[in-house]
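Protein sequences, first through last, are from chains A and B.
What the first sequence shows, in numbering that gives the first Met the number 0, is residues 0 to 375, in sequence order.
What the second sequence shows, in numbering that gives the first Met the number 0, is residues 0 to 375, in sequence order.
Glycine residues also receive a C-beta, built at the ideal position from the N, C-alpha and C atoms.
2 protein chains.
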Amino acid sequence: MSFSFELQTEDTQSAARAGVIHTPHGDIPTPVFAPVGTQATVKTLTPTDLHDLQATLILSNTYHLYLRPGADLVADFGGLHQFMQWDGPILTDSGGFQVFSLKGLRKVDEEGVTFQSHLDGSKHRFTPEGVIAIQEKLGADIIMAFDECPPPDDYDYNVQALNRTHRWAERCQAAQSRPDQALYGIVQGGIFADLRAQSAEFLSQLDFPGYGIGGLSVGETKAQMHEMLEVLHPILPRHKPRYLMGVGSPEDLFECVARGVDQFDCVLPTRIARNGAVFTRHGRVSLRNARFKADHAPIEAGCQCYTCRTFSRAYLRHLLIAKEILALRLTTLHNLHFMLETMRQIRHAIVEGSFTTFKQEFLNDYQPVTEERRGK
Amino acid sequence: MSFSFELQTEDTQSAARAGVIHTPHGDIPTPVFAPVGTQATVKTLTPTDLHDLQATLILSNTYHLYLRPGADLVADFGGLHQFMQWDGPILTDSGGFQVFSLKGLRKVDEEGVTFQSHLDGSKHRFTPEGVIAIQEKLGADIIMAFDECPPPDDYDYNVQALNRTHRWAERCQAAQSRPDQALYGIVQGGIFADLRAQSAEFLSQLDFPGYGIGGLSVGETKAQMHEMLEVLHPILPRHKPRYLMGVGSPEDLFECVARGVDQFDCVLPTRIARNGAVFTRHGRVSLRNARFKADHAPIEAGCQCYTCRTFSRAYLRHLLIAKEILALRLTTLHNLHFMLETMRQIRHAIVEGSFTTFKQEFLNDYQPVTEERRGK
C-alpha cells in the first residue's frame, strides 16, 4: 500500500495531532489545508505558483471534471496530475455534495442519484460504483466515498440518509479496484450526536485508510460543528487521518485542529480573494476600501508572500478598482499563503507543545467574520 | 543625458537596423517590441513574469493612468516603476490617440483638447503642457509629445492637424523639465507622402531624442503603411530611434523592421490571447477549436515559453471553455514570448547579415490574418 498515515505528536492540552500522510505523489505533513482546484486549476494559479506556496495537497471536484472536460479525457492524459501538471498529492471529492446541492435538479433512490447538469441541463446518474470509476479515471491520491448530504437539522431525513450513506460506503469499498488510491469513508449525521457517533462507529468497522467528516459547512452554527467534532474524536480510529470537508476560515483551522481534525479544504480563501478580500492577523479586510487609496504598506507587514513582498495596498486597490485580472491572482496568492503558513505554524506549535498558547494568541488578535455571514 | 541610442548594425539589403537604446532603467536592444500595460499592468502578468519573458520595454497609457489612479498618486509612490514594481524601461504615450478616439466626447482647439472620461463622463482637458506634466509625474523613461490623430485619408484635415501637431511638439519640448526622460516627437500626416515628409523634416529640426510614427494602425492598408515608412526612412535622423506606434502583428514586425523601424508596441498579442487566440509559426490559432479537445501537444512544439513547456492544447482548451482565469495568463505568456522571441531572432539576423533570408522564411510559413480583419 503506497498510502499511510503516520501519527507523530498528540497534543496534551487538546485533541490536536501532528503527523504525515504518505501518498504516491509525496508526503503531506498534517494538519494540512488543501487549496481547491475545482476545474483542474486552483483559480488564477499555475502549478509553479502552488509549489512556491509550498502547497502539499490540492482538491479537485469530481462532479465538475466529470461534466467538463470528462473523466475519459483526463484518463487519456494519464490522470489529473498529468492533465493539470501538478505533481503533488491530489484529493478528489465524490461529487455527493455537489449533486445534492442541485436542489430540484436531482432525484435520489437507493441505487444512486439522477441529476441535471448545471451547465446544459443534460441528464446524468451517479452511483457509488460509478463515482469510484470516475475517480479512478481521474487518478487522485485520495478519493472519497459517495455520500448523501441531507440538511443538517432534519433528524428523520438524517437517519434515512445515514443508512443509505453507509450502504453506499460499503459499495464504494467493494467497487474500488486501484490499489494506489486511498478511499476515505465519510461520516454524516447532521448536528445529531447519536447519529454522528453511530456513523463513526459503523465506518470505523469498514477500516477505511482515512475518514471524511461531511455535512459540517452547510448552515449549522460553529458551536454545533465543534460539538460534533468532540463526539467523533474518541470514536474515529486514532491512526487514520480525519478530514473536515469544506472547512474553513482561519479561526476554524485552530478550533477544529484542537478537536482532532488533520485535514481541511475550503474555497473561502480563493473565493473571497477574487472579491478583493484578504486575510490579515487581525481579520479580513476589503482592499477595495477607499482608505487604502494611497497606502504604501503591503497587505500585511512581514508577510512573506510574493504579493506582500512586492506590492502596496494602493497598487492592489488600483488593480481591483480597474478590474485588472492580475489583482485576483495577487490576492489569491496572499490568502493561500496566509492559510498555508498559518497551518505550518499550527503544526510547528503542536510538535513544540505550544499549540494551546499559539491558538489563544492568534484568536486574541483575529477578529472573525460574524456568525450570520458564514458560508456566504 | 541618461538616454541615448546606439546604432550598431544597418542591414545592406533592407532598411533594417540593430541598435541599443540606453535608458535610466536599463538597455533596450532594438528592434524592440513593447508589451502594453495600459493600467500599470500588462494584463494578467506580474513584473516577475515580464522579467522571465525577457521584456526590455513596456508601454503604459497616460490617458488611463491620469483618470485612474491619477498621476499625483503615482508620483506619490515615486513614479510608475515603483508603483507597479517594474524596474525595467517604461514608455508612456501622450494620451493623444485615446482622447481623439473619444468621438463625440471631445473638442479640439488650438490650445488643447477638452474631453469626457469614458469611465464616468467627467470633463477634462489635455494640453501639450499638461500632458508633459502628467508624464513627468508618471516618470517613464520615454515620454511622447501630445499629437492630434486625424482620420488617415482626409487630406485637408491632415494638413490642419499636422500644423497643430507641430506647434504642440514645440510646446511639449518647451514644457519638458525632467532631464531623465526622453521626449519623442510624433510624425503624423495620414497616408499622404508629402505630409509625412513635411512632418519628418519639421520634427527633425527640433532634434528630439527619438521619433514616434503615429496614425498608422487606424484603418489604412498595409501597403499604405509600408509606403509611408519608405517615405520617412531617408528623412528621419539616422541616429535616433523610430517608434511605430500601435503596431503590430508578427508579419508587421518583419515588414516594418525592413523599412527602418526600431520600436513597436501593440495590444494585439495580449488582447487576442484573452480571447483564446495564440500565435504559431504558421499563423494564429483559436485554442477554443474543438479539434484541440484531446490534443496532447503544446501550442507549438519547441516553443520555450512556460505554457508550451508545461501544458497541452487540450488542457488550455479546457481552461478556456471552463472560463478559467488561468487560461488568459497562459495564452498571454505564450503570445508575448512569441513576439519577443521573434524580435530577438530578427535582431540576431540583422546583426548576422541574414535578415532578408530570415524574413522570407518566416513569411513563407506564416499565414497572416486577412487584410479586412486588421485592427479589429
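(message) Distance check for B/P28 and B/I57, CA to CA, integer angstroms please.
(response) Along the second sequence, read from residue 1 onward, the residue named residue 57 of chain B stands at position 58. Along the second sequence, read from residue 1 onward, the residue named residue 28 of chain B stands at position 29. About 13 Å.
(request) Might you give, ordered along the chain, the residues of its own chain that have their beta carbon closer than 7 Å to the beta carbon of A/C307, omitting 5 neighbours on each side? (result) Taking the first residue of the first sequence as position 1, residue 307 of chain A is located at position 308. Around A/C307: P297, I298, E299, H333.
(message) Which of the three DSSP states is assigned to A/R308 in this structure?
(response) Position 309 of the first sequence, counted from the first residue, corresponds to residue 308 of chain A. Residue state, collapsed to three classes: helix.
(message) Between A/A70 and chain B, is the shortest Cβ-Cβ distance under 8 Å, so that the two count as touching?
(response) Counting from 1 along the first sequence, the entry for residue 70 of chain A is found at position 71. No, A/A70 lies away from the interface with chain B (no Cβ there is under 8 Å from its Cβ).
(message) Quick check on DSSP: helix, strand or coil for B/Q366?
(response) Within the second sequence, residue 366 of chain B is the residue found at index 367, counting from 1. Three-state DSSP puts B/Q366 in a strand.
(request) Examine the ligand NAP and report whether any of its heavy atoms sits within less than 7 Å of the Cβ of A/Q159. (result) Of the ligands one can find in the structure shown there are none, so the ligand NAP has no counterpart to examine.
(request) Could you tell me whether the Cβ of B/D75 comes closer than 8 Å to any Cβ of chain A? (result) Indexing the second sequence from 1 puts residue 75 of chain B at position 76. Yes, B/D75 lies at the interface with chain A (some Cβ there is under 8 Å from its Cβ).
(message) Can you tell me whether B/G25 is buried or exposed? The criterion is at least 16 other CB atoms within 10 Å of its CB, across all chains shown.
(response) Residue mapping note: residue 25 of chain B aligns to position 26 of the second sequence, counting from 1. Answer is exposed; the Cβ neighbour count stays below 16.
(request) Check each candidate in A/R346, A/G275, A/I89, A/T269 and name the one with the smallest Cα separation from A/E135. (result) Stepping through the first sequence from its first residue, residue 135 of chain A is reached at position 136. Residue A/I89 is the option with its Cα nearest to A/E135.
(request) May I have the straight-line CA-CA distance separating B/G275 from A/F361, to the nearest angstrom? (result) Counting from 1 along the second sequence, the entry for residue 275 of chain B is found at position 276. Counting from 1 along the first sequence, the entry for residue 361 of chain A is found at position 362. Whole-angstrom Cα-Cα distance: 44 Å.
(message) Going by beta-carbon coordinates alone, are A/F32 and A/F263 separated by less than 8 Å?
(response) Locating residue 32 of chain A in the first sequence gives position 33, counting from the first residue. Locating residue 263 of chain A in the first sequence gives position 264, counting from the first residue. Contact flag set, yes.
(message) Could you check whether the segment 176 to 184 of chain B touches the segment 210 to 229 of chain B, counting it as contact only if at least three pairs of C-beta atoms, one from each stretch, sit closer than 8 Å?
(response) yes
(message) For chain A, check one thing: does any of its Cβ atoms lie closer than 8 Å to the Cβ of B/L412?
(response) Examination of residue 412 of chain B is not possible in this model, given that chain B is present from 0 through 375 alone.
(message) Only counting the same chain, and skipping five residues up and downstream in sequence, which positions put a Cβ closer than 6 Å to that of B/P367?
(response) For this step, residue 367 of chain B is matched to residue 368 along the second sequence. Taking B/P367 as the centre and dropping the five residues before and after it, the same chain places the C-beta of E250 closer than 6 Å to its C-beta, in chain order.
(message) Taking 8 Å as the threshold (beta carbon to beta carbon), is B/H295 in contact with chain E?
(response) Absent here is chain E; the protein component of the structure consists of chains A and B.
(message) In this structure, how does DSSP classify A/A296 when only helix, strand and coil are distinguished?
(response) For this step, residue 296 of chain A is matched to residue 297 along the first sequence. Coil at A/A296, not helix or strand.
(message) Starting from A/L32, trace the beta strand (DSSP E) in both directions and tell me its first and last residue.
(response) As a working mapping, residue 32 of chain A is identified with position 33 in the first sequence. According to the sequence shown, residue 32 of chain A is Phe rather than Leu. Its beta strand (DSSP E) spans residues 31 to 33.
(message) Using a 10 Å radius around the Cβ and a threshold of 16 neighbouring Cβ atoms, would you call B/H63 buried or exposed?
(response) In the second sequence, residue 63 of chain B corresponds to position 64, counting from 1. Buried, since its Cβ has 16 or more Cβ neighbours within 10 Å.
(request) With DSSP collapsed to three states, give me the class of B/K375. (result) The residue labelled residue 375 of chain B in the question sits at position 376 within the second sequence. Per-residue confidence for B/K375 stands at a pLDDT of 34, beneath the threshold of 50, marking its modelled position as unreliable; the derived number appears in the next sentence. Coil at B/K375, not helix or strand.
(request) Could you tell me the boundaries of the beta strand (DSSP E) in which A/M143 lies? (result) Looking up residue 143 of chain A in the first sequence gives position 144. Annotation for A/M143: the continuous beta strand (DSSP E) segment containing it runs 141 to 143.
(message) Please list the terminal residues of the continuous alpha helix (DSSP H) segment that includes B/L56.
(response) One-based indexing of the second sequence puts residue 56 of chain B at position 57. Where B/L56 is concerned, there is no enclosing alpha helix (DSSP H), given that its DSSP letter is neither H nor E.
(message) To test your reading of the DSSP string, which unbroken beta strand (DSSP E) runs of 3 or more residues are found completely within the segment 173 to 247 of chain B?
(response) 181 to 186, 210 to 212, 241 to 243
(request) Have a look at B/V35, B/T22, B/R16, B/E9 and flag the residue whose alpha-carbon is nearest the alpha-carbon of B/A272. (result) Working through the second sequence from its first residue, we reach residue 272 of chain B at position 273. Ranked by how close their Cα comes to the Cα of B/A272, the residues B/V35, B/T22, B/R16, B/E9 have B/V35 in first place.
(request) Leaving aside the five residues before and after B/L267 along the sequence, list all residues of the same chain whose C-beta is less than 8 Å from its C-beta, in chain order. (result) Along the second sequence, one-based indexing puts residue 267 of chain B at 268. These residues qualify, in order along the chain: G247, S248.
(request) Compare the beta carbon distance of B/A17 and B/A257 with 8 Å and say whether it is the shorter of the two. (result) Working through the second sequence from its first residue, we reach residue 17 of chain B at position 18. Working through the second sequence from its first residue, we reach residue 257 of chain B at position 258. No, the pair does not count as a contact, with Cβ atoms beyond the cut-off.
(request) Just grab the DSSP bridge partners of B/H21 for me. (result) Here residue 21 of chain B is taken as the residue at index 22 of the second sequence, counted from 1. Answer is B/S3, B/D26.
(request) Report the residues of the segment 204 to 237 of chain A with a CB closer than 8 Å to any CB of chain B, ordered along the chain. (result) none
(request) Kindly indicate which three-state DSSP category B/S100 falls into: helix, strand or coil? (result) Position 101 of the second sequence, counted from the start, is the residue given in the question as residue 100 of chain B. Here B/S100 sits in helix by DSSP.
(message) Only counting the same chain, and skipping five residues up and downstream in sequence, which positions put a Cβ closer than 8 Å to that of B/S121?
(response) Here residue 121 of chain B is taken as the residue at index 122 of the second sequence, counted from 1. Correct list, in chain order: Q115.
(message) From the DSSP secondary-structure annotation, give me the bridge partner or partners of A/S285.
(response) Translated into positions along the first sequence, residue 285 of chain A becomes position 286. In the DSSP secondary-structure assignment, A/S285 is bridged to A/A276.
(message) Does any residue of chain A have a CB that is nearer than 8 Å to the CB of B/H67?
(response) For the purposes of this step, residue 67 of chain B is taken as the residue at position 68 of the second sequence. Note that residue 67 of chain B corresponds to Arg in the displayed sequence, not to His. B/R67 counts as touching chain A.
(request) Show which residues of chain A have a CB atom less than 8 Å away from the CB atom of B/Q384. (result) The requested residue 384 of chain B does not occur in the structure, where chain B is confined to residues 0 to 375.
(request) State the beta-bridge partners of A/E9 as determined by DSSP. (result) Position 10 of the first sequence, counted from the start, is the residue given in the question as residue 9 of chain A. Its beta-bridge partners are A/R16.
(message) Quick check on A/I298 - is its C-beta less than 8 Å from some C-beta in chain B?
(response) In the first sequence, the residue the question calls residue 298 of chain A occupies position 299. A/I298 does not count as touching chain B.
(message) For A/K106, which residues in the same chain have their Cβ closer than 6 Å to its Cβ, ignoring the five residues on either side in sequence?
(response) By one-based count along the first sequence, residue 106 of chain A stands at place 107. So the list reads T113, once near-sequence residues are dropped.
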